[in-house]
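Undergrad:
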Amino acid sequence: MLTTSQTALVVGATGFIGKFLVAQLLRDNATVFALCRNIDEQEPQLRRWLTQQNIDHQQLSFFQGDITLPNLGLSPENWKTLKEVNYLYNTSALFKWHLSMQQAKAVNVDGLTNLLHSVNKHCHLQRAIHLSGFMLTLDQHLQAAGIFREHIEKTDWPKIYDALGAYEASKIEGHFNWIKQANLFNIPWTVIHPATVIGDEITGEIPPNQPITALIQQLQQKKMTALPGTAQHSLPLVSITMLVNAMVHASEDAQALKQEILVANPQQISLQTLVQIIARSLQINPPRHFISISFLKWILKWQWLAKKLDMSPEMLNFIRTEQLDLGVFNRLNQQWKIPPTELKETMQKTVQWVTH
């Protein structure tokens with residue numbers, strides 16, 4: 432529950448994380464403004480969904496805009512309405528495999544500069560919350576790719592885009608750019624690094640474009656005949672429920688100011704266990720053998736094969752063996768008291784949502 436009066440601008444409000452965040456903010460009596468690229472289609476969709484959740488959306492308003500446009504594509508009259516905004520939540524990102532560097536950078540890097548600059552010009556922000564990703568917390572992974580936090584300005588970004596793929600590389604560059612720009616404009620910031628997001632803890636709801644949905648469909652269509660990696664590999668998970676709760680709590684917590692917070696379920700499961708849970712829910716036999724990730728990446732260079740298997744080499748980067756450092760989240764959560772997710776139960780609900 433919010434303790435202060437928030438007037439929030441949510442960017443990416445009609446995406447998966449954005450709409451659950453809007454729902455939580457409205458439950459907490461915040462005034463919410465949503466920035467949409469296609470208001471005629473997206474506003475009725477989100478309002479209909481909120482009504483289905485029994486959430487009053489009278490305190491929700493929509494504006495047509497885009498983070499890549501000057502002043503976000505908003506008129507001076509729009510900005511007058513938005514001048515009371517004191518919290519900014521950015522959940523927007525261009526998420527797709529096989530993007531070009533230019534496509535990804537335009538939204539995931541330069542769009543963030545434009546967003547912070549435009550909002551800072553018209554509003555007095557108490558906090559700007561940016562949604563990043565758990566790969567940003569894996570220093571060894573970053574260093575292996577040629578990214579060093581203390582010398583970020585020396586990064587050879589075109590090389591990083593080639594090595595990691597445009598989506599992941601742009602999210603990494605965008606993250607460091609967000610912090611740099613927020614500090615430049617003296618905007619109080621918090622970065623949330625979510626693990627791979629699974630469905631809602633009550634309904635299992637998840638959209639088609641999520642990595643976990645792709646995994647469920649690969650198993651359902653019997654396209655996964657071997658497990659990537661080893662028995663030690665995992666795909667770190669967080670429920671959408673836990674994630675939006677953490678975002679709202681972090682927005683108000685002074686201890687979260689200028690902090691990067693990795694949000695994942697405290698108890699994780701291996702990829703093998705995850706696949707077994709999905710397979711049982713689908714009433715099929717799970718794959719039992721393992722295949723080397725480096726070998727899989729090599730064979731997926733053939734586009735026709737990647738398409739046939741419904742896989743991308745970029746996807747495989749998210750399957751990890753490192754232990755997640757949840758120290759900051761666990762410390763903050765002593766006050767927030769967000770309950771841990773029953774991963775098996777929530778995954779079963781997620782599978783049911785995807786397949787029905």
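Heads up: take any position in the sequence shown, counting from 1, add 431, and you land on this note's numbering. Heads up, the beta-carbon is just placed ideally off N, CA and C, and yes, glycines get one too.
Just verifying my parser: in three-state terms, what is the DSSP assignment at H553?
TA: It is helical.
Undergrad: Taking Cβ to Cβ, would you say E515 is nearer than 8 Å to T438?
TA: Against a cut-off of 8 Å, the Cβ pair of T438 and E515 comes out as a contact.
Undergrad: Kindly provide the ranges of any beta strand (DSSP E) runs that are 3 or more residues long and lie completely inside the stretch 490-555, ordered along the chain.
TA: Listed in chain order, they are 491-495, 518-521.
Undergrad: Is Q652 helix, strand or coil by DSSP?
TA: Note: Q652 maps to coil in three-state DSSP.
Undergrad: Report the rounded CA-to-CA distance for K780 versus L650, giving the unit in angstroms.
TA: Rounded to whole angstroms, K780 to L650 spans 16 Å at the Cα level.
Undergrad: To the nearest angstrom, report how far apart I724 and G660 are at their CA atoms.
TA: If I take the Cα positions, the gap works out to 5 Å.
Undergrad: Please report the residue range of the beta strand (DSSP E) in which F464 lies.
TA: 462-467 is the span of the beta strand (DSSP E), which, as asked, contains F464.
Undergrad: Which residues share a DSSP beta bridge with A559?
TA: A559 is bridged to L519, W620.
Undergrad: Could you please give me the residues that DSSP links to T384 through a beta bridge?
TA: The chain is shown only over 432 to 787; residue 384 falls outside these bounds and no answer can be derived.
Undergrad: Identify the continuous alpha helix (DSSP H) that holds Q779 and give its terminal residues.
TA: Here the alpha helix (DSSP H) through Q779 covers 774-786.
Undergrad: With DSSP collapsed to three states, give me the class of R751.
TA: Of the three classes helix, strand and coil, the one that applies to R751 here is strand, per DSSP.
Undergrad: Take H787 as the anchor and find which of L491, H720, Q699, Q648 has the nearest alpha-carbon.
TA: That would be Q648, whose Cα lies nearest to the Cα of H787.
Undergrad: Return the residue from the list P697, N502, E683, T656 that minimises the CA-CA distance to M673.
TA: Nearest of P697, N502, E683, T656 to M673, Cα basis: P697.
Undergrad: Which two residues bound the contiguous alpha helix (DSSP H) that contains E604?
TA: Where E604 is concerned, the enclosing alpha helix (DSSP H) stretches over 597-615.
Undergrad: Helix or strand or just coil, what does DSSP make of I692?
TA: Three-state DSSP puts I692 in a strand.
Undergrad: Could you compute how far the alpha carbon of R751 sits from the alpha carbon of L727?
TA: Their backbone Cα atoms lie some 15 Å apart in a straight line.
Undergrad: Check whether the Cβ atoms of L543 and V550 sit closer than 8 Å, and answer yes or no.
TA: Not a contact, by the Cβ cut-off of 8 Å.
Undergrad: DSSP state of L731, grouped into three classes?
TA: Coil.
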